[in-house]
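Step one of this worksheet: look at the structure below.
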Amino acid sequence: PAKGPNTDLLYAAIDSGEIYSLRPQLGAALKQKLLSNGKPVQLKKLVSAPAIRASLAQYEFIRFCTEKKIVEIADKPKGKEFMKKFMDNGDWLESFLWSGPPAVSWAQALENLYVLDRHTDGMERAVFNRLATALALQAGKMRPYSFVDRYKHIQEAYRGGLLHAGFSRMDVREMRWTFYLGGNRAEYEFLLDDMQRTAPEYLGACWSCSYLGHNAYGDTVQGPLYYKQPGHCAYVVRLGGRWPIGFNVAGPTGFGVPGWTGTGYATANRLYEEVEFDRANFETATRIGWAARFLIDAEKVSVRLLPGIKYSLYKEGVSNLLPDFSKLTPAETGTADSIDLKSLQPVPPNNFAIVWEGKMEVMSGGSLKLAIHSDDQSRLWFDGKEMAMANCAKTATDTVVTEGIYDLKVEFSQGTGGSLLIFETGTTYKYGEWQDVYEQALAAQPENYAIWV
């Protein structure tokens, strides 16, 4: 196959197992293209360029599915081949990412797609590629042999001319609604061979009912004299530009399934082709939304505690308030992997204090949020400066940092009663490039339905 814009980079990362380095490399290249002199450019046309499309989809795919899952799949039999084929195909990645939330998780959907690629054939054909992608998203934690069989069943039905003529034109999201995941092979074949009816056969299925009376929907299959909400038959009939609801088994009349996940909006309230008419705008807006999400990630401060944190445990001269540690002698000293109160507090946990001292590495700079929450009292030092003090509450502060290694110290004191210490780091996001870009995404989105990122 022809090389994509990031083929060499992808293949090298997958072959070496260095997947964790891939997103930063993609991000560095994206940032140069999305920003000009630190400001976002107009992205409506730019995001249609093949290189930008591929990089955004690859970046989002890693964020959605996680590096850990990608490494796990790559280590399976034929896993590297699958990951290369999938991640280097921008159109396939996009169809996977923007076809609605998966039934369980993105990681599970990726696992399902790998299983289908490993144990079936025909996915090089566009219709079966979309079918496999839709099944992977929809199957959730269904037994692998079951959804592999169902993929093969639908393949056979399609090749045998048993599916609707429009099936091959459906996109991945539409296909998710078309196939039945229940039952086994014999039951599925029974539905196709014995229950499937042509239009003439359907109209003659129950007493050869005629469509009578002043009724937008005609009569029901209950019989020619029955004229009201039936107890078991549900259908809609197209009238002009809408699909008004005919009858619904649940009663009262209404749609049971929303057409756009999470909104409560039923797609059937509009003709689906009206929605699909804005497909180009949906795709553009989604890509711009991904660009905004990337720029949020680019602002994120990345830090880690370095190994070898030293601790000192004090048991004398201590109450609920922080003491003057220079006047005390520790009862115990050592090293710890993290700032973890439970692993060091004595039994019973009364009248003691702990001081942790170590180094924090800032791997990407920005506005760093430092927070501490304690019961009883605590104090946080960063880069030799007191940053926050907490007493049975949470306190947070912000500081701008650049890449490098900084001194870190946390002091804690406990009297009696409950004890708690939580130390957290994060990013303080301010109005910036990502919001400007997200506003571009909102402006580009279709009239009939919204993007989700």
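Per the numbering used here, the very first residue in the sequence shown carries number 50; after that it's consecutive.
Glycine residues also receive a C-beta, built at the ideal position from the N, C-alpha and C atoms.
Computed from a predicted model, the values in this text were never measured in an experiment.
Cβ-based burial, residue i [other Cβ within 10 Å; buried from 16]
i, result
"A98", "exposed"
"R353", "exposed"
"P151", "buried"
"G66", "exposed"
"S85", "exposed"
"G338", "buried"
"H202", "buried"
"T182", "buried"
"N233", "exposed"
"D424", "buried"
"N264", "Residue confidence for N264 is low, a pLDDT of 43 falling below 50, so the modelled location carries little weight and cannot support an answer."
"S375", "exposed"
"S361", "buried"
"G300", "Because the pLDDT at G300 is just 45, under 50, the model does not fix this residue reliably, and the value given afterwards should be weighed accordingly. Exposed, by the Cβ-count rule."
"E365", "exposed"
"L105", "buried"
"L491", "exposed"
"F239", "exposed"
Three-state secondary structure assigned by DSSP to residue i
i, result
"L142", "helix"
"Q489", "helix"
"S257", "Since pLDDT at S257 reaches only 44, below the 50 mark, its modelled position is unreliable, and no value is offered."
"I63", "helix"
"F228", "coil"
"R353", "strand"
"E238", "helix"
"R72", "helix"
"S368", "coil"
"S104", "helix"
"S195", "helix"
"R174", "coil"
"N330", "helix"
"Q91", "coil"
"S97", "helix"
"E223", "helix"
"N86", "coil"
"L419", "strand"
"I111", "helix"
"W483", "helix"
"G189", "coil"
"A123", "helix"
"S375", "helix"
Cβ-Cβ distance between residue i and residue j below 9 Å
i, j, result
"L59", "M136", "yes"
"V411", "I471", "no"
"S368", "S427", "no"
"V450", "G414", "yes"
"T335", "W147", "yes"
"L142", "A103", "yes"
"K93", "A402", "no"
"Y478", "S416", "yes"
"E473", "K418", "yes"
"K359", "A380", "no"
"L377", "G481", "no"
"V404", "L429", "no"
"L370", "G433", "no"
"N55", "A100", "yes"
"A420", "G475", "yes"
"L71", "E116", "yes"
"G139", "R222", "no"
"L95", "L83", "yes"
"A341", "W483", "yes"
Proximity test, residue i beta-carbon vs the ligand NAD heavy atom, cut-off 8 Å
i, result
"I471", "You won't find the ligand NAD in this model; it holds no ligand whatsoever."
Own chain residues within Cβ distance below 7 Å of residue i, not counting five before or after
i, result
"G280", "Reliability fails at G280, whose pLDDT of 43 lies under 50, so the model's placement of it is uncertain and the value that follows must be treated cautiously. Counting only Cβ-Cβ distances below 7 Å, and skipping sequence neighbours, we find nothing."
"A188", "A152, N161, F196, L230"
"P514", "Because the chain here runs from 50 to 502, residue 514 falls outside it and cannot be looked at."
"V120", "G66, I68"
"M224", "R179, L180, A183"
"E435", "R428"
Sequence-distant residues of the same chain with beta carbon closer than 6 Å to residue i, five excluded per side
i, result
"D485", "P89"
"L355", "K408, E410"
"Q155", "Residue identity differs from the one stated: residue 155 is Trp in this sequence, not Gln. Taken in chain order, the residues that qualify are F113, C114."
"N440", "Q426"
"Q489", "L92, I337"
"K127", "R167"
"G53", "A103, D137"
"S217", "V176"
"F145", "T182"
Own chain, CB closer than 8 Å to residue i, minus 5 neighbours either side, in chain order
i, result
"Y237", "R199, H202, Y229"
Touching by the beta-carbon criterion (3+ pairs, under 8 Å), the segment 156-175 and the segment 73-91: No: fewer than three Cβ pairs fall under 8 Å.
Inter-stretch contact at 8 Å, needing at least 3 Cβ pairs: the segment 388-396 / the segment 444-454: With a cut-off of 8 Å, the segment 444-454 and the segment 388-396 do not count as touching, because too few Cβ pairs lie within range.
Inter-stretch contact (C-beta, 8 Å, three-pair minimum) for the segment 121-137 and the segment 199-216: No: fewer than three Cβ pairs fall under 8 Å.
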